[in-house]
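In the working numbering, the protein residues as written are 47 to 320.
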């Protein structure tokens, strides 16, 4: 009787799995289509329209990177007076500071551009000089505990993750792009296809969105990590704001988010694409 019950239960579970698997696959496929559509909008957009400004009600020091989830903003920064590295977790509903976490580790006081890949929040933390050293952390976004880490013999200014197999990074002034596997083993190091000094990078729908500014040019570049070519440059206005929009943090989910100014009085600027 017990054996028969177990068999029936297993069959029921198998049927449930068969019924729910298409829903799971369709949800994943829908998400990928949504991202592809958002990237296509960035490809063909003519200009930006300011949707909202989010004042941050605490000192953000010298801002470095920005990323977003459905519920939170994550911001990295350097306190140059105290030589300390910080990660801020901020509620998107009201911009309240949820957590302020120190990342300082000896001479490692310079966190950079970061990305949440659906599982971990990836953050580089480097010495405050070029051609130095970096630890790349994979943090649990809920607890902010470090789940994994690896070292790099260079100053890595920003990292991005495809959420599956690869991590990408740029060094100081983005002279080189790095590729690592998910365990931190270096797979590739290439010269940048542009001369832009990227401050923040994001993996999105198979491409790298790289924001930066140099020689009066303020832009988000779309780079293909398969062949390291520049596919598209989205030029941004540079005279309407206190600082170039791409001076520091950038995120993208169909809207563009910029955090260009240091604290106090930092503001996240949210733009729609037209």
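Cβ atoms here follow ideal geometry from the backbone N, Cα and C, with glycine treated the same way. These numbers come from a predicted model, not from an experiment.
Nearest-angstrom Cα distance between residue 150 and residue 99?
If you number the chain shown from 1, residue 150 lands on position 104. If you number the chain shown from 1, residue 99 lands on position 53. The alpha-carbon atoms of residue 150 and residue 99 are separated by roughly 30 Å.
Taking its Cβ as the centre, do 16 or more other Cβ atoms sit within 10 Å of residue 63, making it buried, or is it exposed?
Residue mapping note: residue 63 aligns to position 17 of the chain shown, counting from 1. Because residue 63 carries a pLDDT of 40, less than 50, the predicted location of this residue cannot be relied on, and the following value inherits that uncertainty. Exposed, because fewer than 16 other Cβ atoms sit within 10 Å of the Cβ of residue 63.
Taking the alpha carbon of residue 139 as the point to measure from, which residue in 227, 101, 194 has its own alpha carbon closest?
As a working mapping, residue 139 is identified with position 93 in the chain shown. Closest option to residue 139, Cα to Cα, is 101.
Below 8 Å on the Cβ atoms is my contact criterion, and I expect residue 121 with residue 315 to pass it. Report the Cβ-Cβ distance as a whole number of Å.
Within the chain shown, the letter at position 75 stands for residue 121. Within the chain shown, the letter at position 269 stands for residue 315. The pair is not a contact, with the Cβ atoms about 13 Å apart (cut-off 8 Å).
Who does residue 234 pair with in a DSSP beta bridge?
Here the question's residue 234 lines up with position 188 in the chain shown. Paired residues: 225.
Opposite residue 132 in the DSSP bridges: which residues?
For the purposes of this step, residue 132 is identified with residue 86 of the chain shown, where counting begins at 1. According to DSSP, residue 132 bridges with 123, 148.
Residues bridged to residue 217 by DSSP?
Locating residue 217 in the chain shown gives position 171, counting from the first residue. Note: residue 217 sits in a beta bridge opposite 202.
Short of 6 Å in beta carbon distance, which residues of its chain neighbour residue 170, apart from the five on each side in sequence? Order them along the chain.
Within the chain shown, residue 170 is the residue found at index 124, counting from 1. These residues qualify, in order along the chain: 158, 180, 182, 202, 205.
Between residue 313 and the rest of its own chain, which residues show a CB-CB distance below 8 Å, the 5 nearest in sequence each way excluded?
Locating residue 313 in the chain shown gives position 267, where the first residue counts as 1. 99, 100, 101, 102, 305, 307.
Helix, strand or coil, according to DSSP, for residue 102 in the structure here?
Here residue 102 refers to the residue found at position 56 of the chain shown. The answer is coil: DSSP assigns residue 102 none of H, G, I, E or B.
In three-state terms, what does DSSP make of residue 171?
By 1-based counting over the chain shown, the position of residue 171 is 125. Three-state DSSP puts residue 171 in a strand.
Could you name the residues that DSSP lists as bridge partners for residue 114?
Counting from 1 along the chain shown, the entry for residue 114 is found at position 68. Per DSSP, 119.
Quick one: what does DSSP say residue 286 is sitting in, helix, strand or coil?
Along the chain shown, one-based indexing puts residue 286 at 240. Coil at residue 286, not helix or strand.
Shortest alpha-carbon distance to residue 221 belongs to which of 211, 297, 300, 200?
Numbered from its first residue, the chain shown carries residue 221 at position 175. Considering only alpha carbons, the answer is 200.
Quick check on the burial criterion: 16 or more other C-beta atoms within 10 angstroms. Buried or exposed for residue 128?
Stepping through the chain shown from its first residue, residue 128 is reached at position 82. Exposed, since its Cβ has fewer than 16 Cβ neighbours within 10 Å.
Less than 8 Å between the CB atoms is what I'm expecting for residue 317 and residue 173, so what's the real figure, rounded?
Here the question's residue 317 lines up with position 271 in the chain shown. Here the question's residue 173 lines up with position 127 in the chain shown. In fact, because the Cβ distance is near 33 Å, the residues do not count as touching under 8 Å.
Check the C-beta distance from residue 295 over to residue 110 and give it rounded, since I have them as a contact under 8 Å.
Translated into the one-based positions of the chain shown, residue 295 becomes position 249. Translated into the one-based positions of the chain shown, residue 110 becomes position 64. Right, the Cβ-Cβ distance comes to about 7 Å (below 8 Å), so this counts as a contact.
DSSP state of residue 80, grouped into three classes?
Residue 80 sits at position 34 when you count from the first residue of the chain shown. Note: residue 80 maps to helix in three-state DSSP.
Straight-line CA distance for residue 280 to residue 267?
What you label residue 280 is simply residue 234 of the chain shown in a count that begins at 1. What you label residue 267 is simply residue 221 of the chain shown in a count that begins at 1. Approximately 6 Å, taken between the alpha carbons.
Just confirm the distance between the C-beta atoms of residue 164 and residue 209, as a whole number of angstroms; I'd bet it's less than 8 Å.
As a first step, residue 164 must be located in the chain shown, where it is residue number 118. As a first step, residue 209 must be located in the chain shown, where it is residue number 163. Sure, about 5 Å apart at Cβ, within 8 Å.
Short of 6 Å in beta carbon distance, which residues of its chain neighbour residue 192, apart from the five on each side in sequence? Order them along the chain.
Taking the first residue of the chain shown as position 1, residue 192 is located at position 146. If we look at residue 192 and ignore the five residues flanking it on each side, its Cβ neighbours are 183, 185.
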